[in-house]
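The following block contains the structure:
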């Protein structure tokens, strides 16, 4: 079975400051890694994903994430946040067993950007 | 054009009632999912269907019955609603071919409140 731990439930940060949202995972098999964002009262939108290759993955809206196999981590970063980045961020994993496996989510991190 | 749509967006009902949530996707995907997001924002898979066939049923009470009339639709019927069913229900879809690396697209969610 897989599990995902997002270490921070809430992260407040000032506008234009850098931010890192932490994600660790546990799995007995290799997994694909994802970050989704949920804006208030909306559905989930994919930010970025990682399968293999370069451990630094770039996504939409200036976000990037780095895969660290030894630490089983996939932390999300942005060098300078905007007010519009205020949202809930979910880290998720998925086993590569087939195209209809579900996502296993962490409990989310609420990013609040302060003006 | 909305890729994954759900109706209704809000649903308020009394305990003991039966209700349905509808989901439609126009992406040509062959796998559809229902996820439940509880009051603490935790997202968990409930069901997945591939080509109208049930693939995953994650220890969900029998009161929940998904129905897939065709590949583009996955409806969720809930009998004898209980207070603990109050949550946001998200429908999602993905393409099976190409494997688990494919993005899952989420609907806007249905907020169910049981009084």
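Residue numbers (our numbering), protein chains in the order written: chain A, 1 to 115; chain B, 1001 to 1115. The beta carbon of each residue, even a glycine, is placed where N, CA and C say it ideally should be. All values derive from a computational prediction rather than experimental measurement.
Chain B residues whose Cβ lies nearer than 9 angstroms to that of residue i
i: residue 10/A; result: Here the premise fails: no neighbours, minimum Cβ distance about 11 angstroms.
Reduced DSSP category for residue i - H, G, I as helix; E, B as strand; rest coil
i: residue 61/A; result: helix
i: residue 1030/B; result: coil
i: residue 85/A; result: helix
i: residue 1074/B; result: strand
i: residue 1081/B; result: coil
i: residue 1091/B; result: strand
i: residue 1102/B; result: coil
i: residue 1019/B; result: strand
i: residue 29/A; result: coil
i: residue 22/A; result: coil
i: residue 70/A; result: coil
Where residue i meets chain B, residues with beta-carbon distance less than 8 angstroms
i: residue 48/A; result: Residues of chain B passing the Cβ test: none, with the nearest at roughly 10 angstroms.
i: residue 108/A; result: 1041, 1042 and 1043
i: residue 74/A; result: Those do not exist, as residue 74/A stays about 15 angstroms from chain B at its closest Cβ, beyond 8 angstroms.
Under 7 angstroms by beta carbon: chain B residues contacting residue i
i: residue 53/A; result: Per Cβ cutoff of 7 angstroms: no residues; residue 53/A is ~12 angstroms from chain B at best.
i: residue 90/A; result: 1043
Nearest neighbour of residue i, chosen from the options [CA to CA]
i: residue 41/A; options: 1004/B, 1088/B and 1096/B; result: 1088/B
i: residue 15/A; options: 94/A, 54/A and 82/A; result: 82/A
i: residue 1003/B; options: 1052/B, 1035/B and 1026/B; result: 1026/B
i: residue 51/A; options: 94/A, 4/A, 39/A and 62/A; result: 94/A
i: residue 101/A; options: 1083/B, 1108/B, 1092/B and 1011/B; result: 1092/B
i: residue 1047/B; options: 1038/B, 1086/B and 1031/B; result: 1031/B
i: residue 1055/B; options: 1044/B, 1043/B, 1033/B and 1104/B; result: 1033/B
i: residue 1078/B; options: 1104/B, 1008/B, 1017/B and 1038/B; result: 1017/B
Interface partners of residue i on chain A, CB under 9 angstroms
i: residue 1103/B; result: 34, 46 and 49
i: residue 1089/B; result: Within chain A, no residue comes near residue 1089/B; the closest Cβ sits about 11 angstroms away, beyond 9 angstroms.
Contact list for residue i against chain A, beta-carbon separation under 7 angstroms
i: residue 1108/B; result: 42 and 43
i: residue 1020/B; result: Chain A residues near residue 1020/B: none, gap ~19 angstroms exceeds 7 angstroms.
Beta-carbon separation (whole angstroms), residue i vs residue j, contact threshold 8 angstroms
i: residue 112/A; j: residue 12/A; result: 5 angstroms
i: residue 23/A; j: residue 106/A; result: 6 angstroms
i: residue 1080/B; j: residue 1074/B; result: 21 angstroms between Cβ atoms; not a contact.
i: residue 34/A; j: residue 103/A; result: 7 angstroms
i: residue 1106/B; j: residue 59/A; result: Actually they do not touch by this definition, with Cβ atoms about 16 angstroms apart.
Cross-chain neighbours of residue i in chain A, by beta carbon under 8 angstroms
i: residue 1010/B; result: Under the 8 angstroms cutoff, chain A gives no residues; its nearest Cβ is about 10 angstroms from residue 1010/B.
*When Cβ atoms are compared, which residues of the region 1056–1079 of chain B fall closer than 7 angstroms to chain A?*
When CB distances to chain A are screened at a threshold of 7 angstroms, the residues of the region 1056–1079 of chain B falling below it are 1056, in chain order.
_Residues of the region 53–71 of chain A in Cβ contact with chain B at a cutoff of 8 angstroms, in chain order, please._
If the cut-off is 8 angstroms between Cβ atoms, the region 53–71 of chain A has nothing near chain B.
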